[in-house]
Amino acid sequence: MINKKVANVQEALEGVSDNMTFMFGGFGLSGIPENSIAELVRLGTKGLKCISNNAGVDDFGLGLLLQGKQIDKMTSSYVGENDEFERQMLSGELEVELIPQGTLAERCRAAQAGFPAIYTPAGYGTEVAEGKETREFDGKMYVLEYAFKADFAFVKAWKGDAAGNLVFKGTARNFNPNMCGAAKITVAEVEELVPVGTLDPNQIHIPGIFVKRIFQGETYEKRIEQRTVRAKAN
Amino acid sequence: MINKKVANVQEALEGVSDNMTFMFGGFGLSGIPENSIAELVRLGTKGLKCISNNAGVDDFGLGLLLQGKQIDKMTSSYVGENDEFERQMLSGELEVELIPQGTLAERCRAAQAGFPAIYTPAGYGTEVAEGKETREFDGKMYVLEYAFKADFAFVKAWKGDAAGNLVFKGTARNFNPNMCGAAKITVAEVEELVPVGTLDPNQIHIPGIFVKRIFQGETYEKRIEQRTVRAKAN
Amino acid sequence: MLDKNGIAKRIAKEVQDGYYVNLGIGIPTLVANYVRDDIEVEFQSENGVLGMGPFPFEGEEDADIINAGKQTITTLPGASFFDSATSFSMIRGQHVDLTILGAMEVSEDGDIANWKIPGKMVKGMGGAMDLVASAENIIVAMMHTNRAGASKLLKHCSLPLTGVACVKKVVTNLAVMQVTPNGFKLLERAPGVSVEEIQNATEGHLIIDGDIPEMDL
Amino acid sequence: MLDKNGIAKRIAKEVQDGYYVNLGIGIPTLVANYVRDDIEVEFQSENGVLGMGPFPFEGEEDADIINAGKQTITTLPGASFFDSATSFSMIRGQHVDLTILGAMEVSEDGDIANWKIPGKMVKGMGGAMDLVASAENIIVAMMHTNRAGASKLLKHCSLPLTGVACVKKVVTNLAVMQVTPNGFKLLERAPGVSVEEIQNATEGHLIIDGDIPEMDL
Chain D
337 MINKKVANVQ EALEGVSDNM TFMFGGFGLS GIPENSIAEL VRLGTKGLKC ISNNAGVDDF
397 GLGLLLQGKQ IDKMTSSYVG ENDEFERQML SGELEVELIP QGTLAERCRA AQAGFPAIYT
457 PAGYGTEVAE GKETREFDGK MYVLEYAFKA DFAFVKAWKG DAAGNLVFKG TARNFNPNMC
517 GAAKITVAEV EELVPVGTLD PNQIHIPGIF VKRIFQGETY EKRIEQRTVR AKAN
Chain U
337 MINKKVANVQ EALEGVSDNM TFMFGGFGLS GIPENSIAEL VRLGTKGLKC ISNNAGVDDF
397 GLGLLLQGKQ IDKMTSSYVG ENDEFERQML SGELEVELIP QGTLAERCRA AQAGFPAIYT
457 PAGYGTEVAE GKETREFDGK MYVLEYAFKA DFAFVKAWKG DAAGNLVFKG TARNFNPNMC
517 GAAKITVAEV EELVPVGTLD PNQIHIPGIF VKRIFQGETY EKRIEQRTVR AKAN
Chain L
3 MLDKNGIAKR IAKEVQDGYY VNLGIGIPTL VANYVRDDIE VEFQSENGVL GMGPFPFEGE
63 EDADIINAGK QTITTLPGAS FFDSATSFSM IRGQHVDLTI LGAMEVSEDG DIANWKIPGK
123 MVKGMGGAMD LVASAENIIV AMMHTNRAGA SKLLKHCSLP LTGVACVKKV VTNLAVMQVT
183 PNGFKLLERA PGVSVEEIQN ATEGHLIIDG DIPEMDL
Chain P
3 MLDKNGIAKR IAKEVQDGYY VNLGIGIPTL VANYVRDDIE VEFQSENGVL GMGPFPFEGE
63 EDADIINAGK QTITTLPGAS FFDSATSFSM IRGQHVDLTI LGAMEVSEDG DIANWKIPGK
123 MVKGMGGAMD LVASAENIIV AMMHTNRAGA SKLLKHCSLP LTGVACVKKV VTNLAVMQVT
183 PNGFKLLERA PGVSVEEIQN ATEGHLIIDG DIPEMDL
């Protein structure tokens, strides 16, 4: 068993530096690598290019990096819910590239799986496809989209072991598995690091080969963005 | 919950007819859809074009369809271990297209995921790439390979439920998940059909949306191709 | 004339037994409330869940179980969770039978614009571009006119497109229309709405063929 | 001169701590037996397992747990099972650190032929073409000459290729050679084998630079 366990978030983030490209798992605030983000805030790493479906809210998630003006560019599919984001984008401080959500997922998966590019129908005929190569297959048009290239991928799982194996919970899974192994170094933080051999080999979402470093996060706030409930029947 | 359960293998194979293209899960004899194959033998469906990593052995797996001369063409990555196969291939009765194993897997996944084609480095510079489009990305050469088109996919899982959700065991998983939803109709046979709600939603390998019909196989021989063991220490 | 719930109620009639359905944010979300009880339908959300149920009971919310609108949800028996790439495999691979989403504009060719207003803050397309580029059956739920009273059913969309030639049906507060090669074919009128009112509110070519029945809700 | 186990033993020294390794059928399979105990290595098999262990004890074979050679195997703690697409994502995505496979011919450019002899029954390439097209570190394990005594280390391969310019190192019964832009660079001699014997058995360009040490096994 190849050991991927590192002592803490500091060790996990060794090697991050200004102007790098990072991937962040998560959808909204669900399944985001809270501890890695907090450490990046502490480090003050600047000029970051971030690939993440969303951009957090003002005081949580990637919003924390935006507050510190640590991000130069966001590649996302949806970036609402964040005043500071809007201010930086409108002022031109922040570059924003909006891409279809499925394209984002698959450009991660392409990087993970060694594919240089994919043909997707998403965005054909729209400004998203402007300047991009398009091609017809069987009478339908597709856009050529390239695999992402990133320095670090920061993902968050529910459980993991020292071999780097990961298991996710619910919709906190989202982009996290697709980003594992899609960057030069994949850092996984988990809510619970379990002893090697306790995860069922049939039920591992991401085999450890896709993960370079793993650590158990100190705490998880797991903030809910839209609390929708119904009243209990009596 | 949308019900995918059918009463038996006869109902599961409704609509199969001569000259169709079929996908079969399995690696060697592990994880093959034994019951669907047996029913195809009984039906005597002819002129089949089969996509399957291997071609079985003389008296088991796809070898049974070969014995009945039901197959016109095999698309596989490895076809040893089968005398009748060799005879039919050398006599020209059987057309064989050999393709790299990873290409086979990904052409299935492309069909499942709505991608028309993929660029893979496998086979570049070899006769596998002859007549195919090639392209350079970042100084490396890739071959354009198309998504498969098939009428039926026959897969075998360990457990499943009436919603069509599947869970696989060990390396019997192999191509099975990649073929689900990659053909017009996906027929899944399972060793055990469990009540809906008993599979953990976090631990489903193939969501039911990719499966059209599901049934519990009557019996499974699960033959071992190469029994390799070590002696027990005293 | 229908309100938002009325539009959702009418669209719910398009949902058939055995359908996997993806609902966009806004009016489409309401459709789930009106689907008949005697048919089996599963709702997919592109953030990675199939088999969504109602909102959780108070106190039972789970930050790890949300829909694409980031709302806390529950799941029904037979549900599954999966990653984003798999989720869009379902969408791109046309395994989802029906997609219902809102729009700012729809053209008579079936083009749709629903993600960007130049000059205003753009939040992004989320999964909408993947959905409209791949889905075989797309129904748009929207008001017939915008707040200024201008038609949202146009000859050509004026806003940046989300997808081209993809919308199959449009259900508005005034009417149900099918997108055909020749334009919007009027199928049904909302209760109390005349063909003339619909015609006046439609900038794109409206095909009026024979008697147009009132909706049966 | 080495036998097959000797070749495997020499190659095992190339396996470093923390390596994920894919072993082909034949001599490469034997390598697992000689890897040092004090390093951590995980073996991947392309049919969908990472963390392979030894063969099962008699009576404990499981038809659902095999390697790419279709042999019954076991797994070690930390192992995982996955589908074929994921398996080749590991290979194509260069997550596997070392690939060891057999060959019929290797050219001085690093081309490899190991899947087809025209006129003979062709079984297929299996996963070999994916492995050689993607792996960054490929070591070929083979005999230096064929049964007829002809060299298998050639200027150009005569058999249909499996991959081009991909082999990094060749370990034979006679020698260890590195594939360089200028040809096969002789690194080590097998015990009791002279440089002349290696030269005579090598058709491709052999670079002999200084004293060539004997292997330390």
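Chains as they are written, first to last, in our numbering: chain D, 337 to 570; chain U, 337 to 570; chain L, 3 to 219; chain P, 3 to 219. Backbone N, C-alpha and C fix where the C-beta goes; we use that ideal spot for every residue, glycine too.
Straight-line gap, residue i to residue j (C-alpha atoms, nearest Å)
| i | j | result |
| --- | --- | --- |
| U:E463 | P:V166 | 12 Å |
| D:D497 | P:I41 | 19 Å |
| P:Q1 | P:N116 | Since the first and last residues shown for chain P are 3 and 219, residue 1 of chain P lies out of range. |
| D:F396 | P:F57 | 50 Å |
| L:K171 | U:E370 | 44 Å |
| U:M477 | D:V479 | 20 Å |
| U:G461 | U:K468 | 11 Å |
| U:V565 | P:V23 | 22 Å |
| P:S86 | L:D85 | 17 Å |
| U:A374 | U:V352 | 14 Å |
| D:G553 | D:E528 | 8 Å |
| U:A446 | L:N148 | 40 Å |
| P:V178 | P:G206 | 14 Å |
| P:P215 | P:R12 | 14 Å |
| D:V532 | D:N538 | 14 Å |
| D:R559 | P:V173 | 56 Å |
| L:L161 | L:A150 | 16 Å |
| L:G128 | L:I93 | 13 Å |
| D:F504 | P:P183 | 46 Å |
| L:A70 | L:K6 | 20 Å |
| U:R423 | U:Q346 | 31 Å |
| P:N139 | P:T101 | 6 Å |
| D:F551 | U:V432 | 49 Å |
Residue j beta carbon less than 9 Å from that of residue i
| i | j | result |
| --- | --- | --- |
| D:G542 | D:N501 | A small fix is needed here, since residue 542 of chain D is Ile in this sequence, not Gly. Contact flag set, yes. |
| L:E48 | L:L133 | yes |
| U:A499 | L:G95 | no |
| D:N389 | D:F363 | yes |
| P:G8 | P:A203 | no |
| D:K492 | D:G361 | yes |
| U:G544 | L:S82 | yes |
| D:Q448 | P:S91 | yes |
| L:G185 | L:L208 | yes |
| U:V530 | U:K495 | yes |
| P:A137 | P:C159 | no |
| P:V181 | P:D111 | yes |
| D:K409 | D:C444 | no |
| D:L434 | L:G126 | yes |
Cβ neighbour criterion (16 or more within 10 Å) applied to residue i
| i | result |
| --- | --- |
| L:A143 | buried |
| P:L155 | buried |
| P:A152 | exposed |
| L:I210 | exposed |
| D:K568 | exposed |
| U:R549 | buried |
| P:F59 | exposed |
| L:S196 | exposed |
| D:D474 | exposed |
| P:I119 | exposed |
| P:E198 | exposed |
| L:M145 | buried |
| D:S427 | exposed |
| L:K122 | exposed |
Residues bridged to residue i (per DSSP)
| i | result |
| --- | --- |
| P:S153 | P:T147 |
| P:V178 | P:V173 and P:E190 |
| L:M54 | L:T77 |
| U:T456 | U:V479 |
Any non-hydrogen atom of the ligand FAD within 8 Å of residue i CB
| i | result |
| --- | --- |
| U:L535 | This structure simply doesn't include the ligand FAD, nor any ligand for that matter. |
In chain order, which continuous runs of the beta strand (DSSP E) of length 3 or greater are located wholly inside the region 469 to 539 of chain D? Contiguous beta strand (DSSP E) elements confined to the region 469 to 539 of chain D occur at 470 to 473, 476 to 482, 486 to 496 and 519 to 529, taking only those with 3 or more residues.
Restricting to runs no shorter than 4 residues, where is the alpha helix (DSSP H) found entirely within the region 405 to 457 of chain D? Those alpha helix (DSSP H) runs which fall completely within the region 405 to 457 of chain D and span 4+ residues are 419 to 427 and 437 to 449.
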